[in-house]
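Number of protein chains: 2
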Amino acid sequence: MRPLFHPALEDIKPEAILYALSDPERVAIYAKLAGASSGGTCSALADLGDRVIPKSSLSNHFKVLRESGLIISERQGVEMRNQTRCTELDERFPGLIKAILTAYGQPPGQPKTD
Amino acid sequence: MRPLFHPALEDIKPEAILYALSDPERVAIYAKLAGASSGGTCSALADLGDRVIPKSSLSNHFKVLRESGLIISERQGVEMRNQTRCTELDERFPGLIKAILTAYGQPPGQPKTD
DNA sequence: TCAACAGTTCCGAATTTCCGAACTATGGAA
DNA sequence: TTCCATAGTTCGGAAATTCGGAACTGTTGA
Numbered sequence: 003m004r005p006l007f008h009p010a011l012e013d014i015k016p017e018a019i020l021y022a023l024s025d026p027e028r029v030a031i032y033a034k035l036a037g038a039s040s041g042g043t044c045s046a047l048a049d050l051g052d053r054v055i056p057k058s059s060l061s062n063h064f065k066v067l068r069e070s071g072l073i074i075s076e077r078q079g080v081e082m083r084n085q086t087r088c089t090e091l092d093e094r095f096p097g098l099i100k101a102i103l104t105a106y107g108q109p110p111g112q113p114k115t116d
Numbered sequence: 003m004r005p006l007f008h009p010a011l012e013d014i015k016p017e018a019i020l021y022a023l024s025d026p027e028r029v030a031i032y033a034k035l036a037g038a039s040s041g042g043t044c045s046a047l048a049d050l051g052d053r054v055i056p057k058s059s060l061s062n063h064f065k066v067l068r069e070s071g072l073i074i075s076e077r078q079g080v081e082m083r084n085q086t087r088c089t090e091l092d093e094r095f096p097g098l099i100k101a102i103l104t105a106y107g108q109p110p111g112q113p114k115t116d
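Keeping their order, the protein sequence lines are chains W and X.
Residue 3 is where the first sequence starts when you use my numbering, and the numbers rise one by one after that.
Residue 3 is where the second sequence starts when you use my numbering, and the numbers rise one by one after that.
In structure tokens:
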């Protein structure tokens, strides 16, 4: 298991962000993560309601999100903690993530009160 | 040559927009179109400075932009007139296109004064 | 009728995506 | 320790997508 790659803020490319968020499954994952007070582990996010994402696919989704610069993943014991880089990202690309989540009908910034 | 398909405003999907604009070549084309007072024909947009896009690829780029809802193409004599649907789109997805173009470093909304 | 031009369609090669199966890493129980 | 369960990654191959040259279509002007 090679160490996970995370791009530096200045290396984040808009095309990678847009590509990562052009897949509704990844958007659903990202939006859950953005609103989650829970730790954002992979398995916790596999269930999209209408379908359960196979774990190899899920792992790949996380990789795409991570390498595009949208999230940070770190191992914590057995599991992986994923969190968004939304504050950083909003500094680099003002308004972008918010506009995208809004377009998908996932109003951002409202941590789910669960 | 079958008639060109344009989605109705309400059928435009955010994933299609993001996908279309996740390719820097398409963004360059779209940005030129957004800033163009010139008619926006295909051949006028083929030259990206660093490379000339082959015409079948260009045709495909226009198809992706059109079917995602970003542009309208209509035949005018021998050539094709392409124009953005940015006003409509901004109504449906407020701030989205602007944020994307800004992220790419292509400040929108400033029609080129040529 | 024909030639020129703008753009589209076709199709095969190269690339990418998807996901099951096999694998790796960590922590707890025996 | 050793073994097992759990969480996630990597591998590999089938399916889908992308790219672009060559052939085609539609329009105008000679």
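Where is the CB? At the ideal position from N, CA and C, for every residue including glycine.
Using the Cα positions of residue i and residue j, report the straight-line distance between them to the nearest angstrom.
| i | j | result |
| --- | --- | --- |
| I102 (chain W) | G51 (chain X) | 30 Å |
| C88 (chain X) | S70 (chain X) | 12 Å |
| P96 (chain W) | K65 (chain W) | 24 Å |
| A10 (chain W) | Q85 (chain W) | 15 Å |
| L72 (chain W) | L91 (chain W) | 8 Å |
| E12 (chain W) | M3 (chain X) | 45 Å |
| P113 (chain X) | T104 (chain X) | Caution applies to P113 (chain X), whose pLDDT of 44 falls short of 50 and renders its modelled position unreliable; the value that the coordinates give is listed next. Rounded to the nearest angstrom, the two C-alpha atoms are 15 Å apart. |
| A46 (chain X) | L23 (chain W) | 30 Å |
| R77 (chain W) | R83 (chain W) | 6 Å |
| P5 (chain W) | R94 (chain X) | 41 Å |
| A36 (chain W) | V80 (chain X) | 50 Å |
| I14 (chain W) | I14 (chain X) | 27 Å |
Mapping DSSP to helix, strand and coil, what is residue i?
| i | result |
| --- | --- |
| P9 (chain X) | coil |
| D49 (chain W) | strand |
| P113 (chain X) | Low per-residue confidence applies at P113 (chain X): pLDDT is 44, beneath 50, and the placement is therefore not dependable, though the value from the model is reported in the following sentence. It is coil, neither helix nor strand. |
| Y106 (chain X) | coil |
| I31 (chain X) | helix |
| I14 (chain X) | coil |
| S61 (chain W) | helix |
| P26 (chain X) | helix |
| T43 (chain X) | coil |
| R4 (chain X) | coil |
| G37 (chain X) | helix |
According to DSSP, what are the bridge partners of residue i?
| i | result |
| --- | --- |
| N84 (chain W) | W:S75 |
| V54 (chain W) | W:D49 |
Which same chain residues, not among the five before or five after residue i, have their C-beta less than 8 Å away from its C-beta?
| i | result |
| --- | --- |
| H63 (chain W) | D25, E27, R28, I31, I55 |
| A48 (chain W) | V54, I55, K57, L60 |
| L98 (chain W) | P16, I19, L91, D92 |
| C44 (chain W) | K57, L60, S61, F64, E81, M82, N84 |
| Y21 (chain X) | V66, S70 |
Under 7 Å Cβ to Cβ from residue i, same chain only, skipping five residues before and after it: list those, please.
| i | result |
| --- | --- |
| H8 (chain X) | R68, I74 |
| G42 (chain W) | L35, R83, N84, Q85 |
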